[in-house]
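Read top to bottom, the protein sequences are chains A and B.
Under the working numbering, the first residue of the first sequence is numbered 5, with each subsequent residue one higher.
Under the working numbering, the first residue of the second sequence is numbered 5, with each subsequent residue one higher.
Backbone N, C-alpha and C define an ideal beta-carbon position, used for all residues, glycine too.
Only a predicted model underlies this, so the values are computations on that prediction, with no experimental measurement involved.
The block underneath contains the structure these notes are about, expressed in C-alpha cells.
2 protein chains.
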Amino acid sequence: MGRDRKFSITELYEHTQALLLEVGYEAFTFSLLAERLNVARGTIYKYFENKDELITAFMIYEMNQFMQKLEQIEEKGDFERQFTYLMEIIFERSEIQELINITKQVNTTNEKTAANQSYFKNMSINMYTCLQNFVQLGKQEGKLNPSLPDTMILGFIFQSVAIPNHFQLPREQWVQSIIQMVSNGIRT
Amino acid sequence: MGRDRKFSITELYEHTQALLLEVGYEAFTFSLLAERLNVARGTIYKYFENKDELITAFMIYEMNQFMQKLEQIEEKGDFERQFTYLMEIIFERSEIQELINITKQVNTTNEKTAANQSYFKNMSINMYTCLQNFVQLGKQEGKLNPSLPDTMILGFIFQSVAIPNHFQLPREQWVQSIIQMVSNGIRT
DNA sequence: CTCCAAAGTGACACATGTGTCAATTATTAA
DNA sequence: TTAATAATTGACACATGTGTCACTTTGGAG
C-alpha cells in the first residue's frame with residue numbers, strides 16, 4: 005500500500021550523474037537534485053541521509069554498470085579483440101574517469117557512507133584484477149611492452165579518454181587518434 | 005607610509021595553490037585562505053573582490069611562471085632535446101594540468117574576472133602556438149607521427165602527467181614509464 | 001467506504017560563506 | 001611628538017545549504 009513514488013532510484017541516479025558532471029561535488033546539493041526531480045528537498049532524505057551517502061551509493065551503481073560490461077572482456081578471445089572491446093566500453097562510458105575523481109572528494113559522514121566507500125574500493129580492486137589478466141595476456145602474446153608496470157599501462161589507458169577535444173575534432177577522429185597514441189605513442 | 009603588509013601577494017598565491025589542490029574550487033573560501041595567511045578574512049577583500057577574481061589572477065601568475073620556462077624550449081635545439089626539456093618542465097610543474105581543470109569552474113562574477121579570463125585564454129593560445137612549433141619541428145624531423153593532429157599530440161602529452169601513481173612506484177620509474185608510453189605507446 | 005501505511009511536503013533552527021565598512025593599529029614624514 | 005596614511009580588523013546583514021519532523025496526500029486492502 006501507500007502512494008506511488010514520484011521518481012525511481014534509477015531516475016535519481018541519472019540526475020545525480022548529470023548534476024555531478026555539470027557542477028561538481030561541492031556545488032552538488034539536495035536542493036538542486038530535488039528541483040530536477042520535481043520533488044521537495046525533504047523527500048530525498050527519506051532515501052539518503054546526506055549527499056555523501058547518496059554519491060557513494062550512486063558510484064556503486066555506476067561501477068556495477070561498468071563492471072557488467074567489463075566482465076565480458078574475457079569472452080572476446082585474444083588480446084587484440086579484448087583491447088578493441090576495452091577501448092569501446094571506455095569511450096562509451098567516458099564519464100567514469102571523471103566521476104571517480106569526483107568521488108575522491110566525498111567525506112565519510114556516516115556509517116553507511118563508510119560502508120559504501122569500502123564496498124566501492126573493493127569493486128575497484130576487482131576491476132583492476134580483471135584488467136590485470138588482460139594486461140598479462142597482452143604481455144604473454146608479446147603484444148604489450150613487458151618493461152612497463154601493469155598498473156601504469158592501465159592508468160595510461162583510462163587516463164587517455166580524459167584528453168580534451170577543445171578543437172572540436174570529429175568524434176571518430178578523436179577516438180582513432182587516442183587509440184593510435186595509446187597503442188604506439190606519438191613518435192613515428 | 006602606512007603599516008607593513010602581513011603577507012605578500014606571492015605568499016597569497018602560494019597558499020591559494022596549495023588550498024585549491026587540497027580542497028578544490030568550490031570548497032576554497034576566503035575564510036580558509038585567511039586562516040592560512042593568519043589575517044582576518046576582510047583583509048583579502050582589499051586585494052581581490054571575490055574568489056573568482058583571486059583565482060583567475062592566480063592562474064595568470066602560475067601560467068606566467070610556466071611560460072617563462074616554456075619559452076626557453078626553442079633554445080634547446082633539435083626535437084629530441086626539446087622533447088626532453090618539455091617533459092622535464094611538465095613534470096616539474098605537474099600541478100598545472102589539475103589547476104587548469106579547476107579554472108574551468110570559475111564563474112565570471114565581475115569585470116576584472118572577465119578580463120583575467122580573457123587574458124588567460126590569450127596566454128593559453130600563446131602556449132599552444134609555442135608548442136605547435138615544437139610539434140611541427142618533430143614532424144619535419146620525421147620524429148613524430150604526421151597522421152596525428154597537432155592538438156591531440158599536445159593534449160596527450162599534457163594529460164599524461166595526470167596518470168595516477170596509486171601503487172606507489174618510485175617517482176623515477178613513474179616518470180620513465182610515462183615518457184616511454186607517450187613516446188611509443190603500450191605495445192611492443 | 002474506511003482505514004492505514006507509505007510517500008511527500010514545507011517550515012524551523014542551525015551552520016557556514018559573502019561582501020561591506022566604521023573603527024583600530026602600525027609606520028613614517030615632518 | 002604628531003599628523004597623515006595605509007593595512008588590518010571584526011561585527012553586521014544577508015544568502016544559501018542542512019537535517020528534522022509534524023503534518024498532508026495518496027492508493028490499495030479489507
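Please identify the residue among Leu-41(A), Leu-152(A), Lys-55(A) and Thr-47(A) whose C-alpha is closest to the C-alpha of Thr-33(A).
In the first sequence, the residue the question calls residue 33(A) occupies position 29. Thr-33(A) has its Cα closest to that of Lys-55(A), out of Leu-41(A), Leu-152(A), Lys-55(A) and Thr-47(A).
Whose C-beta lies closer than 6 Å to the C-beta of Thr-20(B) among residues of the same chain, with five residues either side of it excluded?
One-based indexing of the second sequence puts residue 20(B) at position 16. Here the set comprises Phe-62.
My output table needs one value for Arg-45(A): the three-state DSSP class, helix, strand or coil.
Within the first sequence, numbered from 1, the residue matching residue 45(A) stands at position 41. Helix, per DSSP.
With DSSP collapsed to three states, give me the class of Arg-191(B).
Mapped onto the second sequence, residue 191(B) falls at position 187. Arg-191(B): strand per DSSP, three-state reduction.
At the level of alpha carbons, what is the spacing between Phe-138(A) and Asn-149(A)?
Counting from 1 along the first sequence, the entry for residue 138(A) is found at position 134. Counting from 1 along the first sequence, the entry for residue 149(A) is found at position 145. Phe-138(A) and Asn-149(A): Cα-Cα distance of roughly 13 Å.
Could you check whether the region 113-127 of chain A touches the region 175-188 of chain A, counting it as contact only if at least three pairs of C-beta atoms, one from each stretch, sit closer than 8 Å?
No, the region 113-127 of chain A does not touch the region 175-188 of chain A.
Looking at Leu-74(A) and Cys-134(A), is the spacing between their C-beta atoms short of 8 Å?
Walking along the first sequence from the start, residue 134(A) turns up at place 130. Walking along the first sequence from the start, residue 74(A) turns up at place 70. Cβ distance < 8 Å, so Cys-134(A) and Leu-74(A) count as in contact.
Rounded to a whole number of angstroms, what is the C-alpha to C-alpha distance between Tyr-49(A) and Lys-10(A)?
Indexing the first sequence from 1 puts residue 49(A) at position 45. Indexing the first sequence from 1 puts residue 10(A) at position 6. Those two C-alpha atoms are separated by around 14 Å.
Give the interface partners of Ala-31(A) over in chain B, defined as CB-CB distance under 9 Å, in chain order.
Along the first sequence, one-based indexing puts residue 31(A) at 27. Per Cβ cutoff of 9 Å: Tyr-29, Glu-30 and Gln-109.
Give, in chain order, every unbroken run of the alpha helix (DSSP H) that is at least 4 residues long and sits entirely within the region 61-86 of chain A.
Runs found: none.
Write down the C-beta distance between Val-165(A) and Ile-94(A) rounded to the nearest angstrom, noting that I regard them as a contact closer than 8 Å.
Here residue 165(A) is taken as the residue at index 161 of the first sequence, counted from 1. Here residue 94(A) is taken as the residue at index 90 of the first sequence, counted from 1. The pair is a contact, with the Cβ atoms about 6 Å apart (cut-off 8 Å).
Just to confirm before moving on: does the CB-CB distance between Ile-167(B) and Gly-159(A) stay below 8 Å?
To locate residue 167(B), count along the second sequence from 1; it is residue 163. To locate residue 159(A), count along the first sequence from 1; it is residue 155. Cβ atoms of Ile-167(B) and Gly-159(A): closer than 8 Å.
Report the three-state DSSP secondary structure of Leu-36(A) (helix, strand or coil).
Locating residue 36(A) in the first sequence gives position 32, counting from the first residue. Correct three-state label for Leu-36(A): helix.
Would you give the residue range spanned by the alpha helix (DSSP H) that Ser-98(A) belongs to?
Within the first sequence, numbered from 1, the residue matching residue 98(A) stands at position 94. Segment: none, Ser-98(A) is in no alpha helix (DSSP H) and carries neither H nor E.
Grouping DSSP H, G and I as helix and E and B as strand, with all else coil, what is Leu-173(A)?
Counted from its first residue, the first sequence places residue 173(A) at position 169. The answer is coil: DSSP assigns Leu-173(A) none of H, G, I, E or B.
Candidates Asn-169(A), Ser-35(A) and Glu-18(A): which alpha carbon is nearest Leu-103(A)'s?
Stepping through the first sequence from its first residue, residue 103(A) is reached at position 99. When only C-alpha atoms are compared, the closest one is Glu-18(A).
I want to see whether chain B comes within less than 8 Å of Glu-112(A), judged by CB atoms only; does it?
Numbered from its first residue, the first sequence carries residue 112(A) at position 108. The displayed chain sequence assigns Thr, not Glu, to residue 112(A). No, Thr-112(A) does not count as interfacial toward chain B.
Could you work out which residues of chain B lie near Val-179(A), taking near to mean beta carbons separated by less than 7 Å?
As a working mapping, residue 179(A) is identified with position 175 in the first sequence. The premise fails here: Val-179(A) is roughly 11 Å from chain B at the closest Cβ pair, so nothing lies under 7 Å.
Taking the alpha-carbon positions, what's the Arg-7(A) to Tyr-51(A) distance?
Numbered from 1 along the first sequence, position 3 holds the residue referred to as residue 7(A). Numbered from 1 along the first sequence, position 47 holds the residue referred to as residue 51(A). Roughly 16 Å separates the two Cα atoms.
In angstroms, rounded to a whole number, what distance separates the CA positions of Ile-183(A) and Phe-162(A)?
Locating residue 183(A) in the first sequence gives position 179, counting from the first residue. Locating residue 162(A) in the first sequence gives position 158, counting from the first residue. Cα to Cα, the separation comes out at about 11 Å.
Counting only the same chain and skipping the five closest in sequence on each side, list residues whose C-beta sits under 7 Å from that of Phe-83(B).
As a working mapping, residue 83(B) is identified with position 79 in the second sequence. Once the five neighbours on either side are set aside, the close Cβ partners of Phe-83(B) are Leu-141, Gly-142, Glu-145 and Lys-147.
Could you tell me if Ile-157(A) is buried or exposed, where buried requires 16 or more neighbouring beta carbons within 10 angstroms of its beta carbon?
Numbered from 1 along the first sequence, position 153 holds the residue referred to as residue 157(A). Result: buried.
From Met-67(B) to Thr-47(A), what distance separates their C-alpha atoms?
Here residue 67(B) is taken as the residue at index 63 of the second sequence, counted from 1. Here residue 47(A) is taken as the residue at index 43 of the first sequence, counted from 1. Cα to Cα, the separation comes out at about 45 Å.
Tell me which same chain residues have a C-beta within less than 7 Å of the C-beta of Leu-37(B), skipping the five on either side of it?
Reading the second sequence from its first residue, position 33 is the one you call residue 37(B). So the list reads His-19, Thr-20, Leu-23 and Ile-48, once near-sequence residues are dropped.
Which residues share a DSSP beta bridge with Leu-158(B)?
On the second sequence, residue 158(B) is found 154 positions in, with the first residue counted as 1. Note: Leu-158(B) sits in no beta bridge, so no partner.
Quick one: what's Leu-148(A) bridged to in DSSP?
Here residue 148(A) corresponds to residue number 144 of the first sequence, with the count starting at 1. BP columns for Leu-148(A) point to Arg-191(B).
Lys-147(A) touches chain B at which residues, Cβ-Cβ below 8 Å?
Here residue 147(A) corresponds to residue number 143 of the first sequence, with the count starting at 1. What Lys-147(A) touches in chain B: Arg-191 and Thr-192.
In this structure, how does DSSP classify Ser-12(B) when only helix, strand and coil are distinguished?
Reading the second sequence from its first residue, position 8 is the one you call residue 12(B). Of the three classes helix, strand and coil, the one that applies to Ser-12(B) here is coil, per DSSP.
Let me make sure I understand the geometry here. Which of Thr-14(A), Ala-31(A) and Met-5(A) has the alpha-carbon closest to that of Gln-109(B)?
Taking the first residue of the second sequence as position 1, residue 109(B) is located at position 105. If we check each option's Cα against that of Gln-109(B), Ala-31(A) comes out closest.
Alpha carbon to alpha carbon, how far is Ser-98(A) from Asp-154(A)? Give it in angstroms, no decimals.
The residue labelled residue 154(A) in the question sits at position 150 within the first sequence. The residue labelled residue 98(A) in the question sits at position 94 within the first sequence. If you take the alpha carbons of Asp-154(A) and Ser-98(A), they lie about 21 Å apart.
Use the C-beta contact count for Gln-69(A): other C-beta atoms within 10 angstroms, 16 or more gives buried, fewer gives exposed.
On the first sequence, position 65 is the one that residue 69(A) refers to. Exposed: under 16 other Cβ atoms inside 10 Å.
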